[in-house]
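Same order as they appear, the protein sequences are chains A and B.
For the first sequence, counting from 1, position 191 maps to 193 in my numbering; every step adds exactly one.
For the second sequence, counting from 1, position 177 maps to 179 in my numbering; every step adds exactly one.
All residues carry an ideal CB built from backbone N, CA and C; glycine is no exception.
Note that the structure is predicted; figures quoted are calculated from it, not measured.
2 protein chains.
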Amino acid sequence: MRLRDTEKVQLVKQKAIELIVKDGLEGFSMNKLAKACQISVATLYIYYKDRDDLIVKITIEELESMTQGIMKDFSPEMSFEQGLHKQWENRYAFAKNHPQMNLFFDQLRSSSYQSTLLSDSISAFKMTMGQFMTNAIERGEIEEMPLDVYWSIAFAPLYNLIRLDQEGKSLDGSPFKVTDAVFWKTFDLVVKALKK
Amino acid sequence: MRLRDTEKVQLVKQKAIELIVKDGLEGFSMNKLAKACQISVATLYIYYKDRDDLIVKITIEELESMTQGIMKDFSPEMSFEQGLHKQWENRYAFAKNHPQMNLFFDQLRSSSYQSTLLSDSISAFKMTMGQFMTNAIERGEIEEMPLDVYWSIAFAPLYNLIRLDQEGKSLDGSPFKVTDAVFWKTFDLVVKALKK
DNA sequence: TTGTTAAATGAATGAATATTTATTTATTTT
DNA sequence: AAAATAAATAAATATTCATTCATTTAACAA
Chain A
3 MRLRDTEKVQ
13 LVKQKAIELI
23 VKDGLEGFSM
33 NKLAKACQIS
43 VATLYIYYKD
53 RDDLIVKITI
63 EELESMTQGI
73 MKDFSPEMSF
83 EQGLHKQWEN
93 RYAFAKNHPQ
103 MNLFFDQLRS
113 SSYQSTLLSD
123 SISAFKMTMG
133 QFMTNAIERG
143 EIEEMPLDVY
153 WSIAFAPLYN
163 LIRLDQEGKS
173 LDGSPFKVTD
183 AVFWKTFDLV
193 VKALKK
Chain B
3 MRLRDTEKVQ
13 LVKQKAIELI
23 VKDGLEGFSM
33 NKLAKACQIS
43 VATLYIYYKD
53 RDDLIVKITI
63 EELESMTQGI
73 MKDFSPEMSF
83 EQGLHKQWEN
93 RYAFAKNHPQ
103 MNLFFDQLRS
113 SSYQSTLLSD
123 SISAFKMTMG
133 QFMTNAIERG
143 EIEEMPLDVY
153 WSIAFAPLYN
163 LIRLDQEGKS
173 LDGSPFKVTD
183 AVFWKTFDLV
193 VKALKK
């Protein structure tokens, strides 16, 4: 029995993400991926059943790594301001350490894979986040509101900042990097919106 | 001289948007588009120079229609709360009347067309929006903050709500439609965040 | 009616795509 | 060292892609 070359397997995963971020799913092909890894296309079909399988499996792995990163040291029992701060911290850190991840997920969110992937697998994660909000409301820390309203205010501004930062330019076209100051200033305003 | 069939031209535009929203740019092809319109592929090459030209021209037209819709009855001289309310109203109305548009632009934002399209053409529009914020700060209606922070708080929650609405399901998986009440509740919280 | 012009077409083109095949290579087990 | 097994490959296949070509069709001008 010959062993599967784990370095090669890792390389495939990494290059796939790179290529999809660079060219979009539209410009991503099995042949290009093989060439980028300097391996035979056929090898890809040993690792994965087909193109779809490759994309789905890689995405699920990355999703899991991301939820893990986001949940680090977080508990739905934390106080509202502590908990939300931790969430912002974790998401900020993850975006910095995995600069391609948000772009990668953007690709999948705006593709035919969305329904398969992004809606299903994260349900446990979402439950926890829902619980956190419910607790905060019950404690009277924030106003009562639907989960979707909460989520839209609590996180949409954060991801918009991260996106602008990674695109590297501000809305007026000038160069742009999110500083810690700007980031936490935004956080303060979000807390102001939600707190009772 | 035979006249170009304007109904056919319109059909091509509409079906192109439909297909891109459904399958992504990745799954969009000239042959599929022709088949969907029940015309010859060659006809597409009478209307448009090539695939790129088709995508770019259609996008520019839709962008113009959208900025027009968003700017209706708005002026950067309006008071902060009135002006932002009008912006939310216009964007909400546009999203309702053109349910595919946000999804369509999402496709392009996460593609190689982004730099060509979404950064260039809207600059006048962005200038106006920047002016509106600057005025609000000068009048002391809102706190001082960078444009990107303002934008992230003022509009990212809105678009997140619209997206959830159009996906038709809430974060916990239950069916979801944005009601006027939910929409304006979110608006109130956003105003609360920004106002001095 | 006839000629002119561009719209519209069906059927090709070659290039790129995903996937499969037959074969070779490396590693473990006997 | 030989047999067994799966990894890895190079080369082929069938399909889909964007684009073009030769031809027909419709509308107007003479």
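Beta carbon of Y115/A, beta carbon of T61/A: below 8 Å?
The Cβ-Cβ distance between Y115/A and T61/A falls below 8 Å.
Are the C-beta atoms of G142/A and some chain B residue less than 8 Å apart?
no
For chain A, find out if any of its Cβ atoms is closer than 8 Å to the Cβ of V43/B; answer yes or no.
Not closer than 8 Å to any Cβ of chain A, the Cβ of V43/B fails to qualify, so no.
Continuous alpha helix (DSSP H) assignments of at least 4 residues falling wholly in the region 152–197 of chain A:
The region 152–197 of chain A contains, as complete alpha helix (DSSP H) runs of 4+ residues, the segments 182–196 (chain order).
K128/B: contacting residues in chain A (beta-carbon distance under 7 Å):
L173, D174
Just curious, the alpha helix (DSSP H) that K24/A is in, first and last residue?
8–29
Leaving out the 5 sequence neighbours to the left and right, which residues in its chain are closer than 7 Å to L149/B when beta-carbon positions are compared?
G132, M135
Given 7 Å as the limit, tell me if V193/B has its C-beta closer than that to any heavy atom belonging to the ligand GTP.
In terms of ligand content, the structure shown is empty, and the ligand GTP therefore cannot be addressed.
Selection of the region 90–109 of chain A by Cβ proximity to chain B, strictly under 7 Å:
Interface annotation for the region 90–109 of chain A against chain B: D108, Q109, criterion Cβ-Cβ distance under 7 Å.
Any beta carbon from chain B within less than 8 Å of F178/A's own beta carbon?
yes
Got a sec: is the Cβ-Cβ distance from V2/A to anything in chain B below 8 Å?
The question about residue 2/A has no answer, for chain A in this structure spans 3 to 198.
Residues near L110/A in its chain [Cβ-Cβ closer than 7 Å; skip 5 each side]:
T61, Q116, L119, L120
Which chain A residues are close to S113/B, counting only those with a beta carbon under 7 Å from its beta carbon?
G26, E28
If we cut at 8 Å on Cβ distances, does Q62/B have a partner in chain A?
It should be pointed out that residue 62/B corresponds to Ile in this sequence rather than to Gln. I62/B does not count as touching chain A.
Cβ-based burial, D167/A [other Cβ within 10 Å; buried from 16]
buried
Count the other C-beta atoms from every protein chain shown that fall within 10 angstroms of the C-beta of E28/A, then say buried if there are 16 or more, exposed otherwise.
buried
Using only alpha-carbon positions, find the residue among L65/B, G85/B, I57/B that is nearest to I124/B.
Comparing alpha-carbon positions, the option among L65/B, G85/B, I57/B lying closest to I124/B turns out to be L65/B.
Expressed to the nearest angstrom, what Euclidean distance is found between the alpha-carbon atoms of M32/A and S42/A?
Using only the alpha carbons, I get a separation of about 10 Å.
Start and end of the alpha helix (DSSP H) containing S67/B?
53–73
7 Å Cβ shell around I210/B - same chain, five flanking residues per side excluded
Since the first residue shown for chain B is 3 and the last is 198, residue 210/B is missing from the structure and cannot be characterised.
Sub-8 Å separation of D108/B and S154/A beta-carbons
no
State yes or no: is the C-beta of Y94/B within less than 8 Å of the C-beta of F157/B?
no
For T118/B, go through chain A and note every residue whose CB falls closer than 7 Å to its CB, in chain order.
Those within 7 Å of T118/B in chain A number zero; the least Cβ separation is about 14 Å.
Is there a C-beta anywhere in chain A that falls below 8 Å from the one on S154/B?
yes
Measuring CB atoms only, is the region 44–63 of chain B touching the region 9–20 of chain B, in the sense that at least three cross pairs come out at less than 8 Å?
yes
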